[in-house]
Amino acid sequence: MATVLSATQGLLKIATPAAARDFITQLTAITPAQRQTQLLMQLKLLSEANVAGGTRLLVLETLRDTVLEAQHARSREYWGKPVPFDDDTREIFSRSVSLWIALADAYESLISDMVDAAPELAEHAELVCYRALRCAGFAMIAHNRAYYAVPGILWEQAHRLYSFAESADVTDTPVSEGGGQSTVGLAYLQIVLAQRANPDSMSLLQMNTVDRALAQWAGLGVLAKDPVVADRSKALAVDLDSACGACRVQDLKGDNLRYLDLEKIGDRLRATAIALKTQSPDKLGLGPVPRELCEKLMLNLHAHWLAPGTAREDERKPMAFNVLLSATLAAMHYNVSGKPFAPPDAGLSSRAKFDMAGFQRVDGPRVGDASVRSRTLETWAVVNQSAAGMLGMCHKPNDSTRLNHNQLLGLVAPNGNTYVGLAQRLSIDADGVITLGFRLLRAKIQAVAARVSNVDAPYDRALLLGTGPENEPPTIVVSPGTYAPSRILDMHDGKPNTIRLTALIDSGANFERATYTAA
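Residue numbering for the sequence shown follows my numbering, starting at 20 and increasing by one per position.
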């Protein structure tokens, strides 16, 4: 039976590859959370110990798969969870990022040994640099999937590692990876393009699709020391002395630039967009993503990679005013209707029936306190605006604030009008400030009640959206789990109606929006 590890500080258990293998065996007896904690502790102890560089590399290679497995097991506990995180989720996220950084730093520490204590490690320069770069990239991915902003320190490390690989002339030297091969240059370009794709405006499914695309296309890109596109407003480059990713050349002032030649990637992207007209994304190696969503993603990638400056966010105008934001369908219903929700089938309470039997006056159904509480709002500052939506910031979110990408949100403007829309961009910085891109659903809103027909269930809140821009058909917004093709709903907008749901237009953590016809 494996021995459960002690958490005693200061006891290094991975001083040699053999010891590391024994340590891994013992890890099987503990939970993923404990495994992660032990791995992080041991990597920190290894960094402080006087272990020869060659031995450290062997130890790290021995531990690497175990770290990957532990990190994967924990990722599902924070990826895509509502933000800001609660205390438990924040701890999982922080520990996961710390482990990626510890492993990246452990590999990078071997670079200084190449110059000093262990010059023989220079024979493995491409491996050391590649492993460190991949771990830094995984730390960025952890931030993306959590909708937290990537810190500049990770960009500094990625640029530093690529610069070293250039100086050692190993950017294109093959490294074994997962049964195949890759290079430092390829890994770095994947990081740069993945972050340039604007992941804070994507769902997890879209991020996965971009990863699949880059696995096929990144090898077609080139990083050059000389400009490759004459138009500086559309050329992309990275500044290896900076703490950020790729930007338009006209926005960079450094003198250590690497220019992105993405012409062949552009050709592949356009060919993929055409192929999507007749083939499924899955068949094209992009995963199980709906065709329409994938087509839209291809357009966005073209804008971010090949035509920077043409994406919608660059058309926004600076603004400075406050709005009130609500994050539940109940609150939106209240703010649209201006009164607590009273289900049309509420009827009279038992007390009311008793009073009526005793000839006491009864005016109607009593409304519960839940509707009164549903009006809760939070103040946000709008910093810019476009015809399609706005960008808002909240510096001190409430303890109860929890937001998801593509969540339905209600917005009360300074003039008192209520709007609804979707969280299309979501990011939290190191200081806890939330940035939210809000896409307005431009249609007349009506607060109604609805329920699935022929089911013994009470009416619930719903919103009717009238005809939208470009003759978009009317839609109904209902609670998650309500939609099914051709499902009949009882809908009450002051008088009873029945409608048939026809197509699902949008869905998120707190809503479904569907087109409908009269039943």
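By construction, the Cβ of each residue, glycine as well, lies at the ideal position given by its N, Cα and C atoms.
I'd like to confirm the pairing. Which residues does DSSP put opposite residue i in its beta bridges?
i	result
residue 252	BP columns for residue 252 are empty, so no partner.
residue 399	342
residue 530	527
residue 438	430
residue 413	453
residue 199	196
residue 278	243 and 256
residue 515	511
residue 471	508
residue 465	483
residue 497	531
residue 491	487
residue 408	458
residue 266	256
residue 167	447
residue 309	Beta-bridge pairing links residue 309 to no other residue.
residue 337	403
residue 536	519
Classify residue i: buried if its beta carbon has 16 or more other beta carbons within 10 angstroms, exposed otherwise.
i	result
residue 531	buried
residue 510	buried
residue 589	The question about residue 589 has no answer, for the chain in this structure spans 20 to 538.
residue 145	buried
residue 258	buried
residue 326	exposed
residue 189	buried
residue 379	Note on residue 379: pLDDT 40, under 50, position unreliable in the model; no value is reported.
residue 385	Unreliable placement is indicated for residue 385, whose pLDDT of 42 sits below 50; the coordinate value is still reported in the next sentence. Residue 385 should be labelled exposed.
residue 75	buried
residue 135	exposed
residue 347	buried
residue 157	buried
residue 132	buried
residue 412	exposed
residue 373	With a pLDDT of 45 at residue 373, under the threshold of 50, the predicted position of this residue should be treated as unreliable, and no value is reported.
residue 35	exposed
residue 535	buried
residue 218	buried
residue 3	No information on residue 3 is available, as it lies outside the stretch 20 to 538 that the chain covers here.
residue 293	exposed
residue 298	exposed
residue 251	exposed
residue 163	buried
Could you check whether residue j and residue i sit closer than 8 Å to each other, using their CB atoms as the reference points?
i	j	result
residue 254	residue 268	yes
residue 493	residue 501	no
residue 37	residue 58	no
residue 430	residue 438	yes
residue 440	residue 458	yes
residue 398	residue 313	no
residue 317	residue 279	no
residue 323	residue 480	no
residue 220	residue 456	yes
residue 119	residue 165	no
residue 402	residue 300	no
residue 65	residue 33	yes
residue 155	residue 140	no
residue 541	residue 224	Residue 541 lies beyond the residue range present for the chain, which begins at 20 and ends at 538; the question has no answer from this structure.
residue 262	residue 341	no
residue 216	residue 320	yes
residue 544	residue 276	Within the shown structure, residues of the chain are numbered from 20 to 538, placing residue 544 beyond reach of any answer.
residue 122	residue 180	no
residue 237	residue 208	yes
residue 525	residue 483	no
residue 464	residue 355	yes
residue 533	residue 521	yes
Would you grab the beta carbon distance between residue i and residue j for me? Rounded to a whole angstrom, and I think it's under 8 Å.
i	j	result
residue 405	residue 335	4 Å
residue 234	residue 210	With 8 Å as the limit, residue 234 and residue 210 do not qualify as a contact, their Cβ atoms being about 13 Å apart.
residue 171	residue 231	28 Å between Cβ atoms; not a contact.
residue 423	residue 537	That belief does not hold up - the Cβ atoms of residue 423 and residue 537 are roughly 33 Å apart, past 8 Å.
residue 81	residue 39	4 Å
residue 468	residue 363	6 Å
residue 454	residue 523	No, residue 454 and residue 523 are not in contact; Cβ-Cβ is about 28 Å, not under 8 Å.
residue 93	residue 115	5 Å
residue 291	residue 303	6 Å
query = Taking one C-beta from the region 459-475 and one from the region 509-529 each time, how about it: are there three or more such pairs within less than 8 Å?
reply = yes
task = Indicate whether the contact test is met: 3 or more Cβ pairs, each with one atom in the region 139-159 and one in the region 120-127, closer than 8 Å.
result = yes
query = Do the region 79-96 and the region 50-64 touch if we need at least three Cβ pairs shorter than 8 Å?
reply = yes
query = Counting pairs of Cβ atoms below 8 Å between the region 444-452 and the region 101-113, do you hit three or more?
reply = yes
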